[in-house]
Amino acid sequence: MIQDETLIIDSGGANVASLLFAFERLGVPARLSNDPADLAAARRAVLPGVGAAGDAMARLRASGMDVAVRAFRGPLLGICLGMQLLFERSDEGDTPTLGLVPGKVSALTPSPRLPSPHMGWNTLQSLRDDPLLAGIGPDDWFYFVHGYHVAAGVDFPSLLARTDYGTAIAAAVRCENYCGVQFHPERSGEAGARVLRNFLERC
Amino acid sequence: MRHSSVGLLTEMLARRLIPCLDVRDGQVVKGVRFRDHRVVGDILGLAERYRDEGADELVFYDITASPQGRSVDRSWVARVARVLDIPFCVAGGIRSVADAEAVLAAGAEKVSVNSPALEDPSLIDRLAQRFGSQCVVVGIDSAAERSTSPATRWRVHRYTGDVRRSGEADRDTLEWLREAQDRGAGEIVLNCMGSDGVRRGYDIEQLAAARERCHVPLVASGGAGETAHFIEVFRAAGVDAALAASVFHSGELPIPRLKTELRGAGILVRPPTTASRPPCTSPPTI
Numbered sequence: 184m185i186q187d188e189t190l191i192i193d194s195g196g197a198n199v200a201s202l203l204f205a206f207e208r209l210g211v212p213a214r215l216s217n218d219p220a221d222l223a224a225a226r227r228a229v230l231p232g233v234g235a236a237g238d239a240m241a242r243l244r245a246s247g248m249d250v251a252v253r254a255f256r257g258p259l260l261g262i263c264l265g266m267q268l269l270f271e272r273s274d275e276g277d278t279p280t281l282g283l284v285p286g287k288v289s290a291l292t293p294s295p296r297l298p299s300p301h302m303g304w305n306t307l308q309s310l311r312d313d314p315l316l317a318g319i320g321p322d323d324w325f326y327f328v329h330g331y332h333v334a335a336g337v338d339f340p341s342l343l344a345r346t347d348y349g350t351a352i353a354a355a356v357r358c359e360n361y362c363g364v365q366f367h368p369e370r371s372g373e374a375g376a377r378v379l380r381n382f383l384e385r386c
Numbered sequence: 009m010r011h012s013s014v015g016l017l018t019e020m021l022a023r024r025l026i027p028c029l030d031v032r033d034g035q036v037v038k039g040v041r042f043r044d045h046r047v048v049g050d051i052l053g054l055a056e057r058y059r060d061e062g063a064d065e066l067v068f069y070d071i072t073a074s075p076q077g078r079s080v081d082r083s084w085v086a087r088v089a090r091v092l093d094i095p096f097c098v099a100g101g102i103r104s105v106a107d108a109e110a111v112l113a114a115g116a117e118k119v120s121v122n123s124p125a126l127e128d129p130s131l132i133d134r135l136a137q138r139f140g141s142q143c144v145v146v147g148i149d150s151a152a153e154r155s156t157s158p159a160t161r162w163r164v165h166r167y168t169g170d171v172r173r174s175g176e177a178d179r180d181t182l183e184w185l186r187e188a189q190d191r192g193a194g195e196i197v198l199n200c201m202g203s204d205g206v207r208r209g210y211d212i213e214q215l216a217a218a219r220e221r222c223h224v225p226l227v228a229s230g231g232a233g234e235t236a237h238f239i240e241v242f243r244a245a246g247v248d249a250a251l252a253a254s255v256f257h258s259g260e261l262p263i264p265r266l267k268t269e270l271r272g273a274g275i276l277v278r279p280p281t282t283a284s285r286p287p288c289t290s291p292p293t294i
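Quick note, the sequences are listed as chains A and B, same order. Using the numbering used here, read the first sequence as starting at 184 and increasing by one per residue. Using the numbering used here, read the second sequence as starting at 9 and increasing by one per residue.
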């Protein structure tokens, strides 16, 4: 089996193509797979995901990827729903998730003033020094689109950065080799490309 | 902590500027819809230009007529997805979950449905269940009712891209907006037909009424002609994003200038792109 550089876990989400293109633009093609053996052999992995937590967990369990992700010791980056799945539980369909980062996911409360999903470009605050966010500052903008969130009103150890949308939202997290971002780096221009490059080169 | 202290949350979500490009047979065209189209440019060239100017998102409105019983060639979607590092939405001709799947799998962030959702509203539910609400935009073409009732009411129009079929759908705009959200729409684009194409400003009254009832992001469409119109629609109607076509395509209002002026007026937008970008084909750095 070939030692893959970067494996994108096929979580069945609709953003897989844009992620593959993003790595291609960085000159580091990634490979898509839902085979746990491929993940075990990969050097680093990305867990993307859009859609519902319950569906995504069901797909990961069906392929055995849930077990493989828990056993994975290389750098792993969860994106959007993929970040949320790293936590213990999601209120979305009351779903137990991977449990690799302490904490839980809850719904944003929509209103005409603060529509949900939180959709559009936002900045990061309270950044912790971390290789994933090297070179990223409070003036860099990232594209978010999500209706569920990890509350970050109170600081917690795995929190790397938060974003403000009427409420404080966890925007980047890390627990050991598992890191995650709530925004879409593959659709966040130069700043997003920087985060992906950091993940490839520094994590 | 390297930056601002915890507890000081100053920034908020930026308002978005969204150029809309009409696409036919994989080319960007200009003209009265479904008539007299003139090719204005290569789709990739224009996508890259808007990306570099700081557009926050792009909408590609595919007006390719569907040949009887055949599907439309959308191979351009993957080509656009390959170069764009900002989100984009494909509108026009999405009639089924399979249509949406093809476009999303090729790399689009969102699909926008309009007349097919009026024909079969359950299409919205099925798209939201399959892909999540964040992928599902509902476009609404709407105009004030021709009546003398005391309060203005607005009616949904359908098939607005086809002069032979265009007309009022039997629906109240605000009622349809509520239903579309209930069924799982993740964003609403409200195209105000009364102001569309005349560049005298967005329909603030209608958009503000929609905003009051809209719990998902609301995109204003129709009427942009100058910076003041954007300031007004963000301030007075509270929309999340403003879509425009001709004012951007003509070059009259370049996005960097518009963004600078909006920021000067105190409206939070992502700053215009300043840094020069490395070419897409930059060699591997690891």
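Just so it is clear, CB atoms sit at the ideal spot from N, CA and C, and this is done for glycine as well. The model shown is predicted, which means the values in this text are computed figures rather than measured ones.
Contact set between residue i and chain B, taken where Cβ atoms lie within less than 7 Å
i: residue 370 of chain A; result: 93, 94, 95 and 117
i: residue 217 of chain A; result: Correct list: empty, because the minimum Cβ distance to chain B is about 15 Å.
i: residue 375 of chain A; result: 93
i: residue 225 of chain A; result: Residues of chain B passing the Cβ test: none, with the nearest at roughly 15 Å.
Amino acids of chain A, ordered along the chain, whose beta-carbon sits closer than 9 Å to that of residue i
i: residue 139 of chain B; result: 196, 197, 233 and 234
i: residue 57 of chain B; result: Per Cβ cutoff of 9 Å: no residues; residue 57 of chain B is ~14 Å from chain A at best.
i: residue 343 of chain B; result: Not covered by the structure: residue 343 of chain B. The range shown for chain B is 9 to 294.
Beta-carbon neighbours of residue i, restricted to chain B and to distances below 8 Å
i: residue 301 of chain A; result: 21
i: residue 360 of chain A; result: Result: empty, since nearest Cβ-Cβ is about 18 Å, beyond 8 Å.
i: residue 152 of chain A; result: This structure cannot speak to residue 152 of chain A, because chain A is shown only from 184 to 386.
i: residue 213 of chain A; result: Those within 8 Å of residue 213 of chain A in chain B number zero; the least Cβ separation is about 12 Å.
i: residue 317 of chain A; result: The premise fails here: residue 317 of chain A is roughly 11 Å from chain B at the closest Cβ pair, so nothing lies under 8 Å.
Contacts of residue i in chain B (Cβ-Cβ under 9 Å)
i: residue 204 of chain A; result: 86, 89, 90, 91, 92, 93 and 115
i: residue 381 of chain A; result: Ordered by position in chain B, no residue passes the 9 Å Cβ test against residue 381 of chain A, which lies about 11 Å from the chain.
Chain A contact residues for residue i, given Cβ-Cβ distances below 8 Å
i: residue 142 of chain B; result: 233, 300, 302, 328, 329 and 330
i: residue 213 of chain B; result: Chain A residues near residue 213 of chain B: none, gap ~16 Å exceeds 8 Å.
i: residue 278 of chain B; result: 304 and 324
i: residue 133 of chain B; result: Correct list: empty, because the minimum Cβ distance to chain A is about 13 Å.
Residues that DSSP places opposite residue i in a beta bridge
i: residue 301 of chain A; result: A/329
i: residue 194 of chain A; result: Looking at the DSSP assignment, residue 194 of chain A forms no beta bridge with any residue, so it has no partner.
i: residue 165 of chain B; result: B/149 and B/176
i: residue 306 of chain A; result: A/324
i: residue 252 of chain B; result: B/27
i: residue 97 of chain B; result: B/67 and B/118
i: residue 189 of chain A; result: A/227
i: residue 364 of chain A; result: A/262 and A/355
i: residue 277 of chain B; result: B/23
Residue i: contacting residues in chain A (beta-carbon distance under 7 Å)
i: residue 195 of chain B; result: 302
Within chain C, the residues that residue i reaches when beta carbons sit closer than 7 Å
i: residue 353 of chain A; result: Among the protein chains of the structure shown, namely A and B, there is no chain C.
Cβ-heavy atom distance, residue i to the ligand MG, below 7 Å
i: residue 378 of chain A; result: The ligand MG is not among the ligands present in this structure, which contains no ligands whatsoever.
Query raised in the report: For the region 176 to 192 of chain B, which residues have a CB atom closer than 7 Å to at least one CB atom of chain A, in sequence order?
Result: none
Report task. Spell out a yes or no on whether the region 306 to 322 of chain A and the region 348 to 355 of chain A are touching, meaning 3 or more CB-CB pairs, one atom from each, closer than 8 Å. Result -> yes
Query raised in the report: Fully enclosed by the region 240 to 295 of chain A, which beta strand (DSSP E) runs are 3 residues long or longer?
Result: 259 to 262 and 287 to 290
Query raised in the report: If contact means a Cβ-Cβ distance below 8 Å, which residues of the region 271 to 303 of chain A contact chain B?
Result: 293, 294, 295, 296, 298, 299, 300, 301, 302 and 303
**Report entry** Complete beta strand (DSSP E) runs within the region 23 to 68 of chain B (minimum length 3 residues, chain order)
**Finding:** 24 to 32, 35 to 38 and 46 to 50
Report task. Please list the segments of the alpha helix (DSSP H) lying wholly inside the region 217 to 249 of chain B, counting only runs of 4 or more residues, in order along the chain. Result -> 235 to 244
Query raised in the report: Are the region 289 to 297 of chain A and the region 207 to 226 of chain B touching by the rule of at least three beta carbon pairs closer than 8 Å?
Result: yes
Query raised in the report: What are the start and end residues of each continuous beta strand (DSSP E) run of 3 or more residues lying completely inside the region 309 to 362 of chain A, in chain order?
Result: 324 to 329, 342 to 347 and 351 to 358
Query - Ranges of the alpha helix (DSSP H) found wholly within the region 173 to 206 of chain B, counting only runs of at least 4 - result: 181 to 190
**Report entry** Residue ranges of each beta strand (DSSP E) within the region 113 to 162 of chain B, 3 or longer
**Finding:** 118 to 121 and 144 to 152
Query raised in the report: Closer than 9 Å, Cβ to any Cβ of chain A: which residues of the region 215 to 228 of chain B, in chain order?
Result: 219, 220, 221, 222, 223, 224, 225 and 226
**Report entry** Touching by the beta-carbon criterion (3+ pairs, under 8 Å), the region 237 to 257 of chain B and the region 202 to 210 of chain B
**Finding:** yes
Query raised in the report: Do three or more CB pairs link the region 209 to 222 of chain A to the region 280 to 288 of chain A at distances below 8 Å?
Result: no
**Report entry** Inter-stretch contact at 8 Å, needing at least 3 Cβ pairs: the region 240 to 247 of chain A / the region 325 to 333 of chain A
**Finding:** no
Query - At least three beta-carbon pairs within less than 8 Å, the region 150 to 167 of chain B to the region 94 to 113 of chain B - result: no
Query raised in the report: Below 8 Å, can you find three or more Cβ-Cβ pairs linking the region 268 to 281 of chain A to the region 310 to 327 of chain A?
Result: no
Query raised in the report: Are at least three pairs of beta-carbons, each pair with one atom in the region 355 to 374 of chain A and one in the region 21 to 31 of chain B, less than 8 Å apart?
Result: no
Report task. Using a Cβ-Cβ cut-off of less than 7 Å, list which residues of the region 236 to 261 of chain A approach chain B; keep chain order. Result -> none
Report task. Specify whether the region 135 to 143 of chain B and the region 228 to 241 of chain A touch according to this definition: at least 3 beta carbon pairs, one from each stretch, less than 8 Å apart. Result -> yes
Query raised in the report: Any chance the region 52 to 63 of chain B sits against the region 90 to 104 of chain B, with 3 or more Cβ pairs inside 8 Å?
Result: yes
Query - Segments of 4+ residues assigned as alpha helix (DSSP H) that fall wholly inside the region 214 to 238 of chain A - result: 219 to 224
Query raised in the report: Quick one, which residues of the region 239 to 268 of chain B are near chain A if we go by CB-CB under 9 Å, in chain order?
Result: 246, 248 and 249
Requested in this report: Please list the residues of the region 58 to 72 of chain B that have a C-beta atom closer than 7 Å to any C-beta atom in chain A, keeping them in chain order.
Outcome: 64
Requested in this report: Would you check if there are 3 or more beta carbon pairs closer than 8 Å linking the region 250 to 263 of chain A to the region 215 to 227 of chain A?
Outcome: yes
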